[in-house]
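Residues 12 to 173 (this note's numbering) make up the sequence shown, in order. Using N, Cα and C, we set each Cβ at its ideal position, and we do this for glycine too.
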Amino acid sequence: MAMEYFDEKIVPILKKKLPGSEVSGRLMGSPPVPGPSTTLSTMQLFSKQNPSRQEVTKLVQQVKANGAGLTVLRRELSELRTKVQEQQKQLQDQDQKLLEQTQIIGEQNVRLAELEHKLRDVMESAVGPSGAGPRDDSPRKRKKVAGGVDCPRKSKRLRTRK
Numbered sequence: 012m013a014m015e016y017f018d019e020k021i022v023p024i025l026k027k028k029l030p031g032s033e034v035s036g037r038l039m040g041s042p043p044v045p046g047p048s049t050t051l052s053t054m055q056l057f058s059k060q061n062p063s064r065q066e067v068t069k070l071v072q073q074v075k076a077n078g079a080g081l082t083v084l085r086r087e088l089s090e091l092r093t094k095v096q097e098q099q100k101q102l103q104d105q106d107q108k109l110l111e112q113t114q115i116i117g118e119q120n121v122r123l124a125e126l127e128h129k130l131r132d133v134m135e136s137a138v139g140p141s142g143a144g145p146r147d148d149s150p151r152k153r154k155k156v157a158g159g160v161d162c163p164r165k166s167k168r169l170r171t172r173k
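So, in structure tokens, the structure goes:
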């Protein structure tokens, strides 16, 4: 399909542009040469005895344009590499912070478990192991009893503010 399109559409255009050159379908039966594209190469243009000045200047302009484009792409590539390096450093910093926070949370969990254990011990000693401690249904006395025990869940700052 592609070869038919080439024979029908591209070859006649090449014959018009290069009168006197021997361009035929599939480039005279030779296998396709690996290269960047099927456009006219410098060798094809200079295979003629006298290439026109217009063709040469067109090629020179294409080379300049490609060079400028290449320079822009190189600059963009270097900028992107710099951004990637910055992002990698940022990821490393964030990983380090995450590790530190995980350690802090672990330490706080241990401390919380210790405080809960202490609270349970205090509650058991206040109520008694059998649960038959002094019982008073008065709400005021319950508040006093609850307020008298230092609540370990409150932060030091809140406990000292009273």
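Which same chain residues end up closer than 7 Å to residue i when comparing Cβ atoms and leaving out the 5 residues on each side of it in sequence?
i, result
"Lys20", "none"
Give me the Cα-Cα distance between residue i and residue j, rounded to the nearest whole angstrom.
i, j, result
"Ile116", "Leu84", "47 Å"
"Glu87", "Leu102", "22 Å"
"Val74", "Gln65", "14 Å"
"Gly40", "Met14", "For Gly40, the predicted model reports a pLDDT of 48, less than 50, meaning its position is unreliable and no value from the coordinates is stated."
"Asp106", "Val95", "16 Å"
"Val138", "Glu118", "30 Å"
"Lys129", "Lys108", "31 Å"
"Val133", "Leu110", "35 Å"
"Glu9", "Glu90", "The requested residue 9 does not occur in the structure, where the chain is confined to residues 12 to 173."
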